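Enquirer: One structure is given below, represented as structure tokens, and several questions about it will come after.
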Amino acid sequence: MLIVTEYHNLEELKTVSDVWNRLWSQTPDSSFLHSYEAFEATCALTGLRDDLKVLMVSLMGKPIGFVPFVIRPMETSLGTLRVLTFPMEEWFSFYNTIGPHKTIILQAAIKHLKKSDRNWDYLDWTGLLKQGREKERLETAGILHGMKMEQHSSRECSVINLEKGWYSFWTNADAEMRQTAHSMERRLQGMGRLRLMRCRSIAENQVDEPGENLIYQHLQKILSENLANPIGKTKERRGTRNSEFISRIHNAAVGQAVADWSVLYVDDEPIAAAYGLAHQGRLEMLSLSSRVGWPMESRLVLMKMLLEDSCRRGDLNIMIPTTWGSVATCLRNETFTTCRFVCTPMTSWKVHALKTTRIVQEWLGKPKEPVGFYDEKWNDRRDERPLKLNVLA
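Going by full-length UniProt numbering, the first residue of the sequence shown is number 1, and it counts up by one from there.
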């Protein structure tokens, strides 16, 4: 018999954190961003500690999976909407079910959401690969349990594929970007000895580079001083949240042997830094920054050296946030599209009224009221470049 248990705050959820991480380790194509530590860090930073709706699915009394929902507030002209969604969608990771038996978990979760008391206004199920099996499973579960879902395109994720080798990748990369990187590299070499120091946890609480603590301190200093979204045409903002998130997950990432951090030096002066999570030949980049007072192009030099080193290490798939702007556009050689499923219950009158208002505004040629996950401004969101998506349109 399947039983679904709800957890509404981090204090409650912490009692099953070991169960979460055990099931996470059994999840196909999992990322460290799916771990309990990453979920806890995100909820704490975004002010959602007490706004959870995490579903734990048990079979015959034994937990088999989690669906890590949060309830995020969205301000509209008709008041606040309660959006049932995932906490990390803007990190581009596929943040869905935790556990090996995904079909059973999805069926139980959808059935529970359909029949249980509702404390949310609409469901925004994000981070689904457009051609992936998770999307098909969710569609099937919705049909079986009478939960109507509308599919919407979400975003393109950028990937650097190095399977053909470093030379092939670099010679086929954007010519202007290569010229900029080469020019900056020569300029930095004229200032002193240019070197990349890269650390990676290779076993529990062990790293492959001496002096990792000092390198990590330099990385944190650069991240905390620089911009939260340092690349692209966005308004300036200090990177305190980016730095704090990494500091919260770093020890756990080292313990799981997935932490990867790099600092670019001119002589002994740190000038740029990057942080990612490496697992089974895949590197998920979380942050890239240059030190205040140094050229932004030093980031390109760091990425060039990091990618060349990644080929030697066997990291052949590098995932980079699309919010990196020009760096993502110039470096990527593959993209994949994600989608989201939205479900609006018939009793959610605010959502239906907003949808009707948008239709009227469009018909009259007036500016639309911002509605949707990326149209509005969350009070607690990191200040990344928003994507204009109208998931309720």
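Beta carbons: idealized from backbone N, C-alpha and C, even for Gly.
Computed from a predicted model, the values in this text were never measured in an experiment.
Please state whether DSSP places HIS145 in a helix, a strand or coil.
Expert: coil
Enquirer: Look at the alpha carbon of HIS253 and the alpha carbon of ARG22, and state the distance between them as a whole number of angstroms.
Expert: As written in the sequence, residue 253 is Ala, which differs from the His given in the question. About 15 Å.
Enquirer: Hey, how far is the Cα of HIS34 from the Cα of TRP324?
Expert: Between the alpha carbons of HIS34 and TRP324 lies a distance of about 22 Å.
Enquirer: Out of curiosity, what's the CA-to-CA distance linking MET56 and VAL4?
Expert: Their Cα atoms are separated by approximately 6 Å.
Enquirer: In angstroms with no decimal places, state the Cα-to-Cα distance between PHE341 and ALA41.
Expert: 25 Å
Enquirer: Please report the distance separating the alpha-carbon of LEU223 from that of THR338.
Expert: 28 Å
Enquirer: Near ALA141, which residues of its chain fall below 6 Å by C-beta distance, leaving aside the five closest residues on each side in sequence?
Expert: LEU106, GLN107, ILE110.
Enquirer: Taking DSSP as the reference, what is the three-state secondary structure of TRP120?
Expert: coil
Enquirer: Using only the alpha-carbon positions, how far apart do ILE318 and TRP363 sit?
Expert: The C-alpha of ILE318 lies about 44 Å from the C-alpha of TRP363.
Enquirer: Please classify ASP267: does DSSP put it in a helix, a strand, or coil?
Expert: coil
Enquirer: By the 10 Å Cβ neighbour count, where 16 or more other Cβ atoms means buried, how is ASN161 classified, buried or exposed?
Expert: exposed
Enquirer: Pull up the distance between the alpha-carbon of MET251 and that of THR15, whole angstroms please.
Expert: Inspection of the sequence shows that residue 251 is occupied by Asn rather than by Met. ASN251 and THR15: Cα-Cα distance of roughly 20 Å.
Enquirer: Does ALA41 come out as helix, strand or coil in the three-state DSSP assignment?
Expert: Note: ALA41 maps to helix in three-state DSSP.
Enquirer: With a threshold of 6 Å on Cβ separation, who are the neighbours of THR344 within its own chain once the five nearest residues in sequence on each side are excluded?
Expert: Taken in chain order, the residues that qualify are TYR122, VAL351.
Enquirer: Answer with buried or exposed for LEU283, where buried requires no fewer than 16 other C-beta atoms within 10 angstroms of its C-beta.
Expert: buried
Enquirer: Looking only at C-alpha atoms, which of SER58, ASN172, GLN131, GLY281 sits nearest to residue 398?
Expert: A query on residue 398 cannot be resolved here, the shown segment of the chain reaching from 1 to 393 and no further.
Enquirer: Could you tell me which whole beta strand (DSSP E) segments of length 3 or greater appear in the segment 122-202?
Expert: Within the segment 122-202, the complete beta strand (DSSP E) runs of at least 3 residues are 122-129, 150-161.
Enquirer: So, is MET197 buried or exposed, given that buried needs 16 or more other C-beta atoms within 10 angstroms?
Expert: buried
Enquirer: For TYR275 versus TRP261, is the C-beta distance shorter than 7 Å?
Expert: yes
Enquirer: Per DSSP, ASN317 forms a beta bridge with which residues?
Expert: ASN161, ARG282
Enquirer: Who does ILE98 pair with in a DSSP beta bridge?
Expert: PHE66
Enquirer: What's the call for GLY192, buried or exposed, on a 16-neighbour Cβ count within 10 Å?
Expert: exposed
Enquirer: In this structure, does DSSP put LEU306 in helix, strand or coil?
Expert: helix
Enquirer: Within its chain, find whatever has a CB closer than 6 Å to the CB of ALA272; leave out the 5 residues flanking it on each side and keep chain order.
Expert: LEU264, SER290, SER298, ARG299, LEU302
Enquirer: What is the residue span of the alpha helix (DSSP H) that ARG358 lies within?
Expert: 349-364
Enquirer: Let me check one thing: in DSSP terms, what residues is PHE336 bridge-paired to?
Expert: CYS157
Enquirer: What does DSSP give as the partner residues of ASP260 in its beta bridges?
Expert: ARG200, GLY276
Enquirer: When the Cα atoms are used, what is the spatial distance from ARG178 to LEU306?
Expert: 14 Å
Enquirer: In chain order, what residues of the same chain have a beta carbon less than 7 Å from the beta carbon of MET184, not counting five sequence neighbours either side?
Expert: PRO295, GLU297, SER298, LEU300, VAL301
Enquirer: Hey, residue 404 and ARG82: beta-carbon distance below 7 Å or not?
Expert: Nothing can be reported for residue 404: it is not among the residues displayed for the chain, which extend from 1 to 393.
Enquirer: Return the Cβ separation of LEU13 and LEU48 in integer angstroms, given the expectation that the two are a contact with Cβ distance under 8 Å.
Expert: Between LEU13 and LEU48, the beta carbon gap of about 12 Å keeps them out of contact (Cβ cut-off 8 Å).
Enquirer: By the three-class DSSP mapping on this structure, what secondary structure does VAL4 have?
Expert: strand
Enquirer: For SER31, which three-state DSSP category applies?
Expert: It is coil, neither helix nor strand.
Enquirer: In angstroms, rounded to a whole number, what distance separates the CA positions of ALA278 and ASP309?
Expert: 13 Å
Enquirer: So, for ILE104: in the same chain, excluding its five sequence neighbours on each side, which residues have a beta-carbon less than 8 Å away from its beta-carbon?
Expert: LEU2, VAL57, LEU59, ILE64, GLY65
Enquirer: Quick one: Cα of SER243 to Cα of GLY146, how far?
Expert: 43 Å
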